[in-house]
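Okay, so here's the structure we're looking at.
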Amino acid sequence: MFAYEDGLLLTRPRLWVDVRRRQRRAFVSHAHADHMARHEMAFCTTETAHLYRTRLGPRPVREMRYGSAIELAGVRLTALPAGHCLGSAMLLAEQDGRSLLYTGDFKLGPSLTAAPAQPVKADWLVMESTFGRPEYRLPPRSEVVEQLLHTVHDALDAGRTPVVHAYALGKSQEVTKILTANGVPVLQHPHAWRISRVYEACGCELGSGAADVAEYHRAPLAGHAVVTLPRSMKNHRLPGLGPVVSIAVTGWAAAPGAAKRLGVDVALPLSDHADYTELIRLVELVEPQVVYCTHGPAGFVDRLRSLGHDARPLAPEPQGRLF
Ligand SMILES: [Zn+2]
């Protein structure tokens, strides 16, 4: 989220790192809980608005369309696809010939359920850097998908239920679509199912009908995979599962020992965030004068500096006047 300081509003835009604090007006980059608050007025894409209201109830929202600028007190604001989950957006803010790009959570690689990221050149870049360590260079997605399908089919052949642990918004839908596209029907945890209804209402089909994707009820079905919440969430358990093969899908699986750490049989590095390589690639694409990094390790700022960029951590306090 990118928030404007209240009161001085828009003549003095400032950056805030506390993306969960209620603001008078705020850009909500996407509908993950760590990027939302009950703002007096939220600016976001139509898809994020739908998800935001599903999660937080009826809220005042000004909807934005990808690539279609709005004017607000002399600042031109454009939402651009971020490739992270349905509706996820970067925000391009332009005023007096100067520009700032805020990424929110993003990914440059392909997705079946999110519009591909479209970063543009900007004078200032504010970027998330979650996987800003070299060990988080993820393998090619095609390899990870192959591993996932292999694991799921092996489980089914052995008479076990493949249970994929994934966040209810974004990863659950991506995994579901990967599986159904490869002939494996899916039963979803009720939380993921509720979010999936919004995806489908927004035109993002996760399968070719009720035979492909359904809500989990009391027991697994033969030949089906189950998608549930991450094991770290207390309500991930589903009744009646019987013998399972548990699978975590997360970028954190790129680090050694991930399966044990995550408490699953198999951990696969399928991410909806940019990996280390993509983070650096983004800076090359945007060519900013200054890069502010947030949500990531301090070492990533040092790495960007070593590559010749003016990189700074985004401080917990407002950064001062930008335009
Ligand atoms: Zn996110």
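Numbered according to numbering that gives the first Met the number 0, the sequence shown spans residues 0 to 322.
For glycine and all other residues, C-beta sits at the position ideal for the given N, C-alpha and C.
Tell me whether Val185 sits in a helix, a strand or coil according to DSSP, three-state version. strand
Measuring alpha carbon to alpha carbon, tell me which of Leu85, Met63 and His190 ends up nearest His235. His190
Report, in whole angstroms, the separation of the C-beta atoms of Leu205 and Tyr198, which I expect to be a contact under 8 Å. 6 Å
Beta-carbon contacts of Phe322 that lie in its chain and below 7 Å, excluding the five residues immediately before and after: At Phe322, the pLDDT of 42 sits below 50, so the modelled position is not reliable and the matter cannot be decided from this model.
With the cut-off set at 8 Å, would you say Ala88 and Tyr65 are in Cβ contact? yes
Just checking His190 against ligand 1 - is the residue's beta carbon closer than 7 Å to any of the ligand's heavy atoms? no
Would you report the Cα separation of Leu324 and Ala72, rounded to the nearest angstrom? Past the edges of the chain, shown from 0 to 322, lies residue 324, and the structure says nothing about it.
What number of angstroms, rounded off, separates the C-alpha of Gly86 from the C-alpha of Asp301? 31 Å
Residues near ligand 1, CB to any non-hydrogen atom under 5 Å, in chain order? His31 and Asp104
Helix, strand or coil for His223 per DSSP? coil
Specify, as a first and last residue, the run of the beta strand (DSSP E) that Gln172 falls within. Taken as a continuous stretch (DSSP letters only), Gln172 belongs to no beta strand (DSSP E), being part of the alpha helix (DSSP H) at Lys170 to Ala180.
Measuring straight from C-alpha to C-alpha, what distance separates Arg24 and Pro80? 21 Å
Beta-carbon gap between Val143 and Ile246 smaller than 8 Å: no
How many whole angstroms separate the CB atoms of Leu267 and Ala254, which I take to be in contact at a CB cut-off of 8 Å? Contact flag wrong, Cβ pair sits at about 13 Å.
Give the DSSP bridge partners of His164, in chain order. Thr227 and Ala247
Runs of beta strand (DSSP E) lying entirely within the segment 58-99, each at least 3 residues, in chain order: 60-63, 69-71, 74-80 and 88-94
From the DSSP output, read off the bridge partner residues of Cys292. Met126 and Pro312
Measure the C-alpha to C-alpha separation of Gly262 and Glu70 and round it to an integer number of angstroms. 48 Å
Tell me whether Gly56 is buried or exposed, calling it buried when 16 or more other Cβ atoms sit within 10 Å of its Cβ. exposed
Closest Cα partner of His188 within the set Gln172, Leu178, Ile177 and Ala41: Gln172
Between the C-alpha atoms of Thr44 and Ala157, what's the straight-line distance to the nearest angstrom? 44 Å
Taking the Cβ atom as the reference point for each residue, do Lys170 and Val248 lie within a distance shorter than 8 Å? yes
Since Ala165 and Pro229 are thought to touch, with beta carbons under 8 Å apart, how far apart are those beta carbons, to the nearest angstrom? 7 Å
Assuming the contact rule is C-beta atoms closer than 8 Å, Val244 and Arg159 should be a hit. Round their C-beta distance to whole Å, please. 5 Å
Could you check what DSSP says for Phe325 in three-state terms: helix, strand or coil? Residue 325 falls outside the range modelled here, since the chain spans only 0 to 322, and no answer is possible.
Counterpart residues of Val27 in DSSP-defined beta bridges: For Val27, which the question treats as bridged, DSSP gives no partner whatsoever.
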